[in-house]
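Residue numbers (my numbering), protein chains in the order written: chain A, 1 to 197; chain B, 1 to 197.
Scroll down for the structure; my scribbles are underneath it.
There are 2 protein chains.
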Amino acid sequence: MKRDWTKKTTRGAQRTLDAFTAAMLNALTGKPFEQITVNELCEKSNYPRATFYNYFDDKYDLLHYIWHCLNRQIRLEQYEETEPEQRLFVLFDRAYDFIEAHQGTLNRIIKHNAKESFLLFHFRVQLGDRVREMFDPNICRYRDQVPHEIIADHYCNTVLLVLEWRFLHGNDGSKEDTLRYLEHLLGALNAKSLHEF
Amino acid sequence: MKRDWTKKTTRGAQRTLDAFTAAMLNALTGKPFEQITVNELCEKSNYPRATFYNYFDDKYDLLHYIWHCLNRQIRLEQYEETEPEQRLFVLFDRAYDFIEAHQGTLNRIIKHNAKESFLLFHFRVQLGDRVREMFDPNICRYRDQVPHEIIADHYCNTVLLVLEWRFLHGNDGSKEDTLRYLEHLLGALNAKSLHEF
DNA sequence: TAAATATTTGGACACTTGTCAAGATCTCAA
DNA sequence: TTGAGATCTTGACAAGTGTCCAAATATTTA
């Protein structure tokens, strides 16, 4: 991470970042991530190597940046208005729609990267950070039973589990079915939290 | 993976494998995984680079092998005698004791590798495969409600979540406390499965 | 506008990576 | 004990990686 991605970039810098992003996504539809070289990305995007290293530490860093940008597209801001146990379903809802909207690209990528399960690992990590914010200990009520970090991670894991089952492992099924699995897995916690209100 | 790790190795090969394993574990106690080079491992173990590549594709592959060996040390064989929902607690029990026994080495490693969360990623994957076997669909009873792969992964995630919270995130606490968190997170599923008997 | 300042570019460098074919060394049956 | 076959070891090679610096270009400031 050579620079702060949350800061605003100049128009020129954004053009460069977009070009490398496009080059990587394009390369990923044709071969596994491990086989992609920085040289190749520079050829595809018509930028010299030094420019690449101006922005990124290495190709993993670029991947990291791409996940960051995609993650930002999942809008969760309105969660503050909802009750804690509802927030999880807001997250599920937005993430489901987002992934469904990008299913074409996703399928092309995992076709060559089915075994590189770590590809999506940092996406998980980033989403996990956001989920942890959503279940701030000051707001949630499970404190006395289980540490809130465990609850937040468990929520994050479970949402991602059903989403990965649906979209990554080639399982068909409606959004409602997937939601039902999520509700079933979290049945106990939600029943308890409802009871506490 | 250059060769089948489940096959028996010759004495000479085993000596070489052990040397590289020791070199990696030793290196990990001094610096982050990313900064370790194959050259360094060869210097430490007094083997030429080509020998390393004889056994492993790269340093990730060696790490993979090390997790495989460690994983084999967690003995779960007797699970067939127990009821499905008890197996999870057998897994928890064995894994907890195993990690606790290696806590010294583990702490030295994560001291330099706290941010390299993917280090343990493949360990998770491998343990997940074993957990999935434990909850074979022919034996488990949740088929009609949630696909059994989801249940198995959810069990695996949850056990690993509480173990990581306990040992990786620097939280103290008794085995009983940790077990209580696990039971709480899985409360609904177990209540249901008990009911079905 | 023009000078001052910052960013981008290209090439050179030292180093790491993964492969290969040839040579050394083990192993086991005769 | 011996020697054919299998396995293990090795140095050299081509390609990739990440850094550095000075020249070229862009951006900001006066």
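Beta carbons are placed, not taken as given, at the ideal position from N, Cα and C, and that holds for glycine.
All figures in this text were calculated on a predicted structure; none of them were measured in a lab.
- Between Phe33/A and Phe121/B, the C-beta spacing is not below 8 Å.
- Under the DSSP assignment, Tyr155/A falls in the alpha helix (DSSP H) whose first and last residues are His148 to Phe167.
- For Ala114/B, no alpha helix (DSSP H) segment is defined, and its DSSP state is neither H nor E.
- When secondary structure is reduced to three states using DSSP, Ser174/B falls in the coil class, being assigned neither helix nor strand.
- Cys156/B sits buried, since 16 or more C-beta atoms from the chains shown fall within 10 Å of its C-beta.
- Residue contact with chain A for Tyr96/B: absent (no Cβ-Cβ distance below 8 Å to any residue of chain A).
- In this structure, the alpha-carbon of Glu40/A lies about 16 Å from that of Asp57/A.
- In the structure shown, Glu183/B falls within a helical segment according to DSSP collapsed to helix, strand and coil.
- Inter-residue distance for Gly30/B and Val38/B is about 15 Å (C-alpha atoms, whole angstroms).
- Taking the Cβ atoms as the reference, Leu161/B lies roughly 11 Å from Phe92/B, outside the contact range of under 8 Å.
- Of the candidates Lys2/B, His102/B and Gly187/B, the residue whose Cα lies closest to the Cα of Gln145/A is Gly187/B.
- Scanning chain A for C-beta atoms nearer than 7 Å to the C-beta of Phe121/B yields Phe118 and Phe121, reported in chain order.
- Neighbours of Ile150/B in chain A, taken as residues at a C-beta separation under 7 Å, are given in chain order as Leu161, Val162, Trp165 and Tyr181.
- Under the Cβ criterion of 8 Å, Thr158/A is counted among the residues facing chain B.
- At a beta-carbon threshold of 7 Å, the residues of chain A lying near Gln145/B are His184, ordered along the chain.
- Under the three-state reduction of DSSP output, Gly12/B falls in the helix class.
- Each residue's CA atom was taken as its position, placing Lys44/B and Ile109/B some 17 Å apart.
- At least one CB atom of chain A sits nearer than 8 Å to the CB of Val125/B.
- Around the beta carbon of Thr178/B, 16 or more other beta carbons sit within 10 angstroms, so the residue counts as buried.
- Here Arg3/A is exposed: its Cβ has fewer than 16 other Cβ atoms, across all protein chains shown, within 10 Å.
- Counted as a single uninterrupted DSSP element, the alpha helix (DSSP H) harbouring Met134/B occupies residues Phe121 to Met134.
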